Amino acid sequence: MKDRHRTEVEQLLARSVEAEVRRSQGSADGAALLQRARSALDQLLHPAAEEWARYQQAERDNAPRRLRDRFDAAAVGGLVTTTLAAALAALLTVAATDTAGDATLVAAVVAAAAVTAFVLQAVVAHLWTAESQAGSRNQPGGVEQLRLAWLTAVEVRGIRPWLEQQRALTARTRGGGGATTHLPAQRTPSRRSNRGDAARTRALLGRSFDQLPDRGKPFIGRRDQLADITQWVNRDRARTDTRPTVVVLHGPTGSGRTMLARWAAHELRSLFRGACLADLRGHSVDEISTRDALLHLMSRLGAPQDQLLFREGTARGADGEAQLGRLVERYRRHLTGLPVVIILDDATDAAQVRTLVPERSSSLVLVTTTEPLDLDDAPASVHHLAVGPLDTPSAVELLRTTLRETTTDTPPPPDDDPSWTRLAEVCARRPLLLRMAGPGLATRTPDQLAAALAATSPGAGTAPRTAADTPADPGADTGLLGDTAGSAAARVLHARYAEQSEDVRRLLRRLALAGRASLGPRAAAALLDRPQKEAARHLGDLAEAGLIRTVRGDRFRLHDLVRRFARARLAEEETAPDRAAAQERLIRSYAELADTVIRLVDGNTSTRADLLPAAAGGHGFSSVSAALRWLDDESDFITATLRHADEGVDPEAVQHLLGALADYCLLRGDLYRLGELNELAQSVNQGLLTRSVTWRTGVAERQLGELDKAHSTLSRVVNLYQEARNQAGAARALRDLGITLQHQGHLAEALAKLTQALDLQPRDSLPGDRAWTLHALGAVERERGRLSTAAELLAESLELHRASGSVHGEAWARLHLGQTAMRRGAVAEAETELRTSQELYERSRDVRGQAWALTQLGTVRVIAGDSAAGEDQLRAALAQHRENGDTRGEAWTLFHLGQAQEDAGNLNTAMRTLERARTMFNQMPDRYGVACARHHEARVTRDQKAERSGSLHNSGFARQLLAAARRDYERAGVLHGQGWTGLELAVIDAGNGRPDRALELADEALGVFTAGYGEGRPDVRGAEWARFLRSTLLPLASPGGAEAGEVEAREEIEALLREEDGPWRDPQLTLAVHSYSLMLGRGQGLDDRGWSAWRLGMVPRRAAADVLGVG
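Going left to right, the sequence shown walks through residues 1 to 1111 as full-length UniProt numbering numbers them.
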């Protein structure tokens, strides 16, 4: 093998080992693995020997001829013969007329000419052939195709199997020896569901192009650059290797770089699965860090939510670099093989851009910057595109287009008028400046406007700035405009600014306080301290003047160039107290508005009620949906405002705004922004603020299924509130800690925490908080089997939610009421409550709640006997839970789906579904969920084995699962689960010739059902099944013998027959009782083949345990 071939194989090997290290999340030693692979290179190449032989043969057949091959013996022999013949002929011919010397000279010249001609002909022919064959050898097909086939065979049949072998060896080495357990060991996959992450990623990517900023119009003079980008993308995607395309759009500010990037993203949408824009803020003091940019991109491109909420700290030095390295690895692993468009706007740091470029992905990265960036060492195809001034015709066209959108006093001059060119040159032919200057043509000719702009003196007439008035905002932008004094940008901006009224100029200056997100009339009204209609009119004036850009509807955004200008004017023309007062008005106004929105959804809880009285009403929201749409639009702006808030702003207003936004994040599932707020609160380090956001972070951790983390976080918050003697806060944290304990299956502890929280929430002073705790407590009591208590708690909760105006709380209360009705067997009532809750979830735009309601509606259909419809609804709910990233919802939906599949007779499918549910419950961990999944998985396993063998003799594994489930139910405090698993164990023992043990289990289950679950009422349904199974076992296992057992069994059956009209009687039990009564009447209680109830189908079916007979 030649060196070049070995080099290709080693490069392929290095890439494969690198991918293996990424797959192992850093646990594999890449250097050692690569060294072992190189030492085993011959072994790796052997499986591809056939492809190697074909490639070598084709390479030899198509190899270019060497020059010396044209001078082989045959060619030279012909040359010698021909040359000698020609020289001899010349010698004889000349010798006949001239002297011998002349003849010899002529013969030598002829021979030399012949040799020279032959050499020239050989060289020319060789060069011609080499040139003509060079292109064809490197085209797809032929030798190149065989080379790629050989390398593919080496990777697929050599390297990958070898890596899998090394992976297995490593696993065995790490696993070591240990004692075996009765139950099979479970795999330990990632905590989050891969299917759920994939579903959420698909959903986010599907919406990502619509979330990009509008591409902007008019788009004039950049079609050629757009075509270049398209050509580069298509060419790079045709390459055999997978690498991203990076296009660096460099040019002065205002030249249209970002608009060109947005147009390219939308034009190439069909080639990519998603898109995202990250503003790197390169020319600002608050330049975004690489870590924050990575988190932003991961959020918008569908990375797992736990990676966005559970952020590692911002340590410095080696620790910080290691944290960043892990984040970069997760980012690149997420985008491997995922083609997306990434716009990195306003970049200045080449190293930062290189970090943000994904690897092994055919993505498009569009970088906008003022100067070219050195990205030659990036793992991508890098292209540079200068975005300079428009050509003169395009600049004139843009001016005329802007003029057509404006009402003019006089008709404009013709297109070929030189005044258009002069005006375009004054604006440096930059699109932004042309659009700002265009509205000035409404009252002036191009000549007049050009003269006015040229005569403008930037900075004239402004008051000197003192040190006391200099803004201390960390978000202040450096530099004035990125232009030298007297530049075109400065002249146009100063001219347009001077033409506005004083109120409009003040609004433009104060817009610089509002961060970089889009804003609307409410923010303008707060900044100006004017009515909203007046502020909206002033925003319209700024938009008509070209100083702000319309994003959509009544939302606007400042261009970076205009923002820097406005910030400079703000520092020059307004005092520090005026700036601080405007910012505080902005934050307080938005705190009131956000409080109003959350109050409309969650009601008057202690986090909302009486804190900001002005928020109680009067903000004009026509409905809950309209309020939530407003908060959807404003969330980016609020986050930016909080990030740039001055220290002098009232901390109470900041706290209220931060709390309302955190509640919104929980409602909408925006855990990326909640992670941002958590970091912001920690950086401020104010006790109340930190407690508030940390509490909500614990709730988010619970929503993600990270129950251990949530338990730890909420326990810490409870202590913090108690130390601060904040009774309302401690009660809220105790409530969420109790809910977390319930999700973990610790029902007794959950009951204690929720009861403690309820004691701290009097009905008269904290009715809203008490309502949320009541319905959580009702859910715990329902799971413990105390249905009457649960119904009373939920009824009180519903009343309080309605009184406090909580649409969201009423939805959850009705969901739990529907589940309680299900447990009582009231299918119609359950459906009514669940459909009402679904409508309320839609009103409050809670997608998690909608998915839960759909899960329970599907479960109702299964209980009603319509397993096909139930399965369809459960599959739809499963998709929604996965899209929402709700691990617990996904696990419980899988559990109910497995039950529906069991009822439909699809035992193999049901087994797989229940196994997946059990695995997810184990990962959270949820002890109660694990018990339920084990219980029903054991039933399916038992029925599968029995169907194949015709008996219960192969039910050992099912018995192990049932015994484990019974222990889990006991630890969770779920008595009805203990009773039903006891009956299932009795069935298996009786079917395996152990009637004595089966009778003991039936007696134990009967005792559990008869004692009830703490309300003084027995579970009649469970007790009747226990009595019946006991009667079938008495003839086989009665201490008094078979005859005495048969007599006792007959008495029990007669009692069951007398009670068959009871409201809790299972219809299947009625049939079984009648059948067994006939058997006893015929003297067939004893069977030579042992216990006959299983063979005759006289055992509880899956649906028997759906209803608790305790009403």
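All C-beta atoms, glycine included, are put in the ideal place defined by N, C-alpha and C.
The structure presented is a predicted model; accordingly, all values stated were derived computationally and were not measured.
In this chain, Ile159 is not harboured by any alpha helix (DSSP H), its DSSP state being neither H nor E. Taken through DSSP and simplified to helix, strand or coil, Gly973 comes out as coil. Within the model, the alpha-carbon separation for Glu20 versus Leu34 is close to 10 Å. Using a 10 angstroms sphere on the CB of Val109, the tally of other CB atoms stays under 16, which defines it as exposed. Beta-bridge partners of Thr550 (DSSP): Phe556.
With fewer than three CB-CB distances shorter than 8 Å, the segment 324-331 does not count as touching the segment 347-354. The segment 724-764 contains, as complete alpha helix (DSSP H) runs of 4+ residues, the segments 727-743 and 747-759 (chain order). For Leu1096, the three-state secondary structure derived from DSSP is coil.
Of the residues assessed, Lys217 falls on the exposed side of the cut-off, its CB having fewer than 16 other CB atoms within 10 angstroms.
DSSP lists Thr369 and Ala386 as the bridge partner or partners of His250.
Where Gly216 is concerned, there is no enclosing beta strand (DSSP E), because DSSP gives it neither an H nor an E. Looking at the DSSP output, Val340 shares a beta bridge with Gly274. In this structure, Ala293 is the residue among Leu593, Thr368, Val382 and Ala293 with its C-alpha nearest to the C-alpha of Thr355. Taking the CA atoms as reference points, Gly870 sits about 38 Å from Cys276. Fully enclosed alpha helix (DSSP H) runs of no fewer than 4 residues occupy 1042-1058 and 1067-1081 of the segment 1029-1083, in order along the chain. Remark: C-beta atoms of Glu1052 and Arg1027 approach each other more closely than 7 Å.
Scanning Ser284, Leu280 and Ser299 for the CA closest to the CA of Thr290 turns up Leu280. Contact between the segment 44-60 and the segment 143-154 is present: 3 or more CB-CB pairs across the two stretches fall below 8 Å.
Contact check between the segment 981-993 and the segment 961-969: three or more CB pairs, one atom from each, fall below 8 Å, which counts as touching. Within the segment 754-816, the complete alpha helix (DSSP H) segments of 4 residues or longer fall at 767-783 and 787-804, listed in chain order. Excluding residues up to 5 positions away in sequence, Asp926, Arg927, Tyr928 and Ala972 lie with their Cβ nearer than 6 Å to the Cβ of Gly745 in the same chain. Of the candidates Leu204, Leu661, Glu499 and Glu1060, the residue whose Cα lies closest to the Cα of Val1073 is Glu1060. The secondary-structure analysis by DSSP pairs Asp872 with nothing; it has no beta-bridge partner.
For Thr245, the pairing in a beta bridge is given by DSSP as Leu364 and Ser381. With contacts defined as CB atoms closer than 7 Å, Thr893 and Ala876 fail to qualify as a contacting pair. Membership of Ala265 in the alpha helix (DSSP H) is indicated by the continuous run Arg257 to Glu267.
In the structure shown, Leu519 adopts extended strand secondary structure according to DSSP, grouped into three states. Secondary structure note for Met436: its alpha helix (DSSP H) is the uninterrupted segment Pro431 to Ala437. Within the segment 935-995, the runs of alpha helix (DSSP H) that reach at least 4 residues and sit entirely inside it are, in chain order, 956-972 and 975-991. In the DSSP annotation of this structure, the continuous segment of the alpha helix (DSSP H) that includes Glu397 starts and ends at Thr392 to Arg404.
In the assembly as shown, Gln225 is a buried residue. Its beta-carbon has 16 or more other beta-carbons within 10 Å. For Asp279, the three-state secondary structure derived from DSSP is strand. Contact between Val248 and Leu385 holds, with the beta-carbon distance rounding to 7 Å and staying under 8 Å. Non-local C-beta neighbours of Leu433 in its own chain, meaning closer than 8 Å and more than five positions away in sequence, comprise Gly254, Cys427, Ala488, Ala489 and Val492, ordered along the chain. Boundaries for Tyr1013: no alpha helix (DSSP H) harbours it, and the DSSP string shows neither H nor E there. Asp447: member of the alpha helix (DSSP H) spanning Pro446 to Ala455, first to last residue.
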